[in-house]
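Engineer: What follows is a single structure, and I will ask about it in a moment.
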Amino acid sequence: DIQMTQSPSSLPASLGDRVTITCRASQDIGNYLRWFQQKPGKSPRLMIYGATNLAAGVPSRFSGSRSGSDYSLTINSLESEDMAIYYCLQHNEYPYTFGAGTKLELK
Amino acid sequence: QVQLQQSGAELAKPGSSVKISCKASGYTFTSYYISWIKQTTGQGLEYIGYINTGSGGTNYNEKFKGKATLTVDKSSSTAFMQLSSLTPDDSAVYYCARVMTDWGQGVMVTVSS
Chain A
5 DIQMTQSPSS LPASLGDRVT ITCRASQDIG NYLRWFQQKP GKSPRLMIYG
55 ATNLAAGVPS RFSGSRSGSD YSLTINSLES EDMAIYYCLQ HNEYPYTFGA
105 GTKLELK
Chain B
82 QVQLQQSGAE LAKPGSSVKI SCKASGYTFT SYYISWIKQT TGQGLEYIGY
132 INTGSGGTNY NEKFKGKATL TVDKSSSTAF MQLSSLTPDD SAVYYCARVM
182 TDWGQGVMVT VSS
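For the record, the sequence lines run as chains A and B.
What the first sequence shows, in the working numbering, is residues 5 to 111, in sequence order.
What the second sequence shows, in the working numbering, is residues 82 to 194, in sequence order.
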């Protein structure tokens, strides 16, 4: 199975900060990488698909990028509603696999 | 709009089975695969497998073969997952998702004697 190594596991940040979360794939997954946001008691929400494409309704302060096997989610000008857990997902090969998650919280 | 409505929470005894449902609306049901995902605090998110809602064909994560059985009822636009021989390790929230884009609200399954 493809391993998705996500870092950091916890990310304290202040409102207005720019933050970056990274996933590294153990094998080539092309751009078959998605980012999800999950808030307590809610199901995951798609934020980024195809590594760099913003999902419908997602604020433009979110962006995705790729450098080789490293995939990043960046949030510019952090807002309180962005506090959540973020997961990456590779869907290039079955079984699909997720990163372990990054908990974004207020410093 | 796309909606996936899952069945309610389950409390089951070890060794028993549960069958949870995922009713789709707002799109052509047979045009998109439905995947199932397990979420626990300890293991995070795990991909169980998918069902081709048109043909009924399935693909399972090796880890869940023999544990999960995916089926579909096209007449009611509903996908099902049966979990068998339950153990406490099966206690989790289970989600269905349409091509990993739209997710159901999740079903909490608790296995306890």
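Here a beta-carbon is modelled for each residue, glycine too, at the ideal position from N, C-alpha and C.
Keep in mind that this is a model prediction, so the values were computed, not measured.
1. At 8 angstroms on the CB atoms, spell out the chain A contacts of Y176/B, in chain order.
2. Fully enclosed by the segment 25–65 of chain A, which beta strand (DSSP E) runs are 3 residues long or longer?
3. How is K111/A classed by DSSP in three states: helix, strand or coil?
4. Tell me whether the beta-carbon of Q41/A lies closer than 8 angstroms to the beta-carbon of C27/A.
5. Rounding to the nearest angstrom, what Cα-Cα distance links D5/A and G138/B in this structure?
6. Could you pull the start and end residues of the beta strand (DSSP E) that N140/B belongs to?
7. Apart from the five residues just before and just after Y131/B, which ones in its own chain have a Cβ nearer than 6 angstroms to its Cβ?
8. Assign K46/A to one of two classes, buried (16 or more other C-beta atoms within 10 Å of its C-beta) or exposed (fewer than that).
9. Once DSSP output is grouped into helix, strand and coil, what is the label at S156/B?
10. In angstroms, rounded to a whole number, what distance separates the CA positions of T78/A and S98/B?
11. Can you tell me the Cα-Cα spacing of L50/A and T168/B, whole angstroms?
12. For the segment 120–144 of chain B, list every residue whose C-beta sits within 7 angstroms of some C-beta in chain A, in sequence order.
13. Considering just the uninterrupted stretch of the beta strand (DSSP E) at Q94/A, what are its terminal residues?
14. Checking contacts by CB at 8 angstroms: is Q186/B closer than that to chain A?
15. Chain B partners of T101/A, CB-CB under 8 angstroms?
16. Alpha carbons only, please: which of L110/A, Y53/A, I25/A and G103/A is nearest the one belonging to S84/A?
Structural biologist: So, from the data block:
1. Here residue 176/B corresponds to residue number 95 of the second sequence, with the count starting at 1. Correct list: S47 and P48.
2. For the segment 25–65 of chain A, whole beta strand (DSSP E) runs of length 3 or above, ordered along the chain, are 37–42 and 49–53.
3. Reading the first sequence from its first residue, position 107 is the one you call residue 111/A. Of the three classes helix, strand and coil, the one that applies to K111/A here is coil, per DSSP.
4. On the first sequence, residue 41/A is found 37 positions in, with the first residue counted as 1. On the first sequence, residue 27/A is found 23 positions in, with the first residue counted as 1. In this structure, Q41/A keeps its C-beta atom at 8 angstroms or more from the C-beta atom of C27/A.
5. Mapped onto the first sequence, residue 5/A falls at position 1. Mapped onto the second sequence, residue 138/B falls at position 57. Taken atom to atom, the span from the alpha-carbon of D5/A to that of G138/B is near 21 angstroms.
6. Against the second sequence, residue 140/B aligns to sequence position 59. Annotation for N140/B: the continuous beta strand (DSSP E) segment containing it runs T139 to Y141.
7. If you number the second sequence from 1, residue 131/B lands on position 50. Closer than 6 angstroms at the Cβ level, and outside the excluded window around Y131/B, lie Y114, S116 and N140.
8. Working through the first sequence from its first residue, we reach residue 46/A at position 42. Classification for K46/A: exposed.
9. In the second sequence, counting from the first residue as 1, residue 156/B sits at position 75. S156/B falls in the helix class under three-state DSSP.
10. Translated into positions along the first sequence, residue 78/A becomes position 74. Translated into positions along the second sequence, residue 98/B becomes position 17. Spanning the two alpha carbons is a distance of roughly 42 angstroms.
11. The count along the first sequence starts at 1 and reaches residue 50/A at position 46. The count along the second sequence starts at 1 and reaches residue 168/B at position 87. When rounded, the distance between both Cα atoms is 31 angstroms.
12. So the close ones are G125, L126, Y128, N140 and N142.
13. Counting from one through the first sequence, the residue named residue 94/A turns up at place 90. DSSP places Q94/A in the uninterrupted beta strand (DSSP E) bounded by A88 to Q94.
14. Residue 186/B sits at position 105 when you count from the first residue of the second sequence. Judged by the 8 angstroms Cβ criterion, Q186/B is in contact with chain A.
15. Taking the first residue of the first sequence as position 1, residue 101/A is located at position 97. At a beta-carbon threshold of 8 angstroms, the residues of chain B lying near T101/A are Y128, ordered along the chain.
16. Indexing the first sequence from 1 puts residue 84/A at position 80. Ranking L110/A, Y53/A, I25/A and G103/A by Cα distance to S84/A puts L110/A first.
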